[in-house]
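Below: the structure, in structure tokens.
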Amino acid sequence: MEAAPGEPIEESLEELHELREAVIDAVERLDPKLRFVIDAVNSERLSLAHLAHRMGISKTHAHRLQEQAFRELRKQLSTNTTVRRRLNMKPDSWNAGCREALKRLTPYGEFPDTKHNITIFTKMNDLINYMKISTDDSSLTVHPALAMGQAAAGWLKNHDMWDVDSIGCLLDRKQHDYGHHNINAFGHFGVVVRLNDKVARLQNLSLKNLPPSNESLIDTYEDIIGYCVILLMIDNNTFQLELDNDYQP
Numbered sequence: 000m001e002a003a004p005g006e007p008i009e010e011s012l013e014e015l016h017e018l019r020e021a022v023i024d025a026v027e028r029l030d031p032k033l034r035f036v037i038d039a040v041n042s043e044r045l046s047l048a049h050l051a052h053r054m055g056i057s058k059t060h061a062h063r064l065q066e067q068a069f070r071e072l073r074k075q076l077s078t079n080t081t082v083r084r085r086l087n088m089k090p091d092s093w094n095a096g097c098r099e100a101l102k103r104l105t106p107y108g109e110f111p112d113t114k115h116n117i118t119i120f121t122k123m124n125d126l127i128n129y130m131k132i133s134t135d136d137s138s139l140t141v142h143p144a145l146a147m148g149q150a151a152a153g154w155l156k157n158h159d160m161w162d163v164d165s166i167g168c169l170l171d172r173k174q175h176d177y178g179h180h181n182i183n184a185f186g187h188f189g190v191v192v193r194l195n196d197k198v199a200r201l202q203n204l205s206l207k208n209l210p211p212s213n214e215s216l217i218d219t220y221e222d223i224i225g226y227c228v229i230l231l232m233i234d235n236n237t238f239q240l241e242l243d244n245d246y247q248p
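Just so we're aligned: 44 in numbering that gives the first Met the number 0 is position 45 of the sequence shown, and the numbers increase by one with no gaps anywhere.
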């Protein structure tokens, strides 16, 4: 239920739980020393002097650590989809936009590989049909891209290979090497064509039960995820962002 203009937003228990879990996840990703600082300041309500005494450091050093801890926590929270949606935040780098899209692809539930593949093949047909009507509306690709990306991520999860951070780093490296031009040249139409190449390869190997002679199946699923991420980023106007200044290939 939406609040009227000027009225406070009422959050459901489910939304508050998601937000709480997002904060917990962000804190757990911090360096142990920084995590200790966050817990000491927020949970134990330690003063700066008591924090310095507890850690055996100077008050000045404790102050710097506290600032660093909250700066890193804000950075972690800024890449969380739930937090960004709640605060209506947009990613400020390609890396952050990529992670936001990847988290939307996180698979839920347990399904066999065959079901994941059927979803990929079916949604690819939907994308091809959209291309046939020559629409310039990239939003039409969002639902199929989400379903395909989640299915490919589900296959990786079944084989203990789904990890947002490692796949995000892989996509960062590819973006570093390719840049924006190859995608910008043909927009989401070109992404759909590239995506179809990977799906066709997967379909051919699956139907004939053939071992791949070039790229591994893992590479194919990761490529499918990569192109789905790009479609989501194009629709969310984050693909044109630059890689973070701190990025190192």
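Even for Gly, the Cβ is constructed at its ideal location relative to N, Cα and C.
Quick caveat: nothing in here was measured; it's all calculated off a predicted structure.
{"Item": "Runs of alpha helix (DSSP H) wholly within the stretch 155-218 (minimum 4 residues, chain order)", "Value": "163-177, 180-183, 186-207"}
{"Item": "F35 versus E20, K58, L18, A68, residue with shortest Cα-Cα distance", "Value": "A68"}
{"Item": "Residue nearest to A25 in terms of C-alpha spacing, selected from E71, N181, T134", "Value": "E71"}
{"Item": "Proximity winner among S165, V141, E214, K207, relative to N235 (alpha-carbon distances)", "Value": "V141"}
{"Item": "For L145 and R103, believed in contact at Cβ under 8 Å, the rounded distance", "Value": "6 Å"}
{"Item": "Contact check, V190 vs L230, beta carbons under 8 Å", "Value": "yes"}
{"Item": "Three-state secondary structure assigned by DSSP to P248", "Value": "coil"}
{"Item": "Euclidean distance between Cα positions of T219 and I119", "Value": "12 Å"}
{"Item": "Same chain, Cβ closer than 6 Å to C227, five either side skipped, listed in chain order", "Value": "A144, M147, G148"}
{"Item": "T134 - DSSP class collapsed to helix/strand/coil", "Value": "coil"}
{"Item": "Same chain only: Cβ atoms within 6 Å of E17, ignoring 5 sequence neighbours per side", "Value": "T81"}
{"Item": "Contacting residues, own chain, Cβ-Cβ under 6 Å from Q75 (five flanking each side not counted)", "Value": "A25, R28"}
{"Item": "Anticipated Cβ contact below 8 Å, K156 with P111, distance rounded", "Value": "Incorrect: roughly 12 Å between the Cβ atoms, too far for contact."}
{"Item": "Cβ shell of K197 (< 6 Å), same chain only, five flanking positions each side left out", "Value": "T219, D222, I223"}
{"Item": "Sequence-distant residues of the same chain with beta carbon closer than 8 Å to D243, five excluded per side", "Value": "S92, W93, N94, A95"}
{"Item": "Beta-carbon proximity check, L201 vs N128, cutoff 8 Å", "Value": "no"}
{"Item": "M123 versus C97, D135, A151, residue with shortest Cα-Cα distance", "Value": "A151"}
{"Item": "Exposure of Q174, with buried meaning 16 or more beta-carbon neighbours within 10 Å", "Value": "buried"}
{"Item": "P248 versus D162 - alpha carbon distance", "Value": "19 Å"}
{"Item": "Buried versus exposed, by CB contacts within 10 Å (16 or more), G186", "Value": "exposed"}
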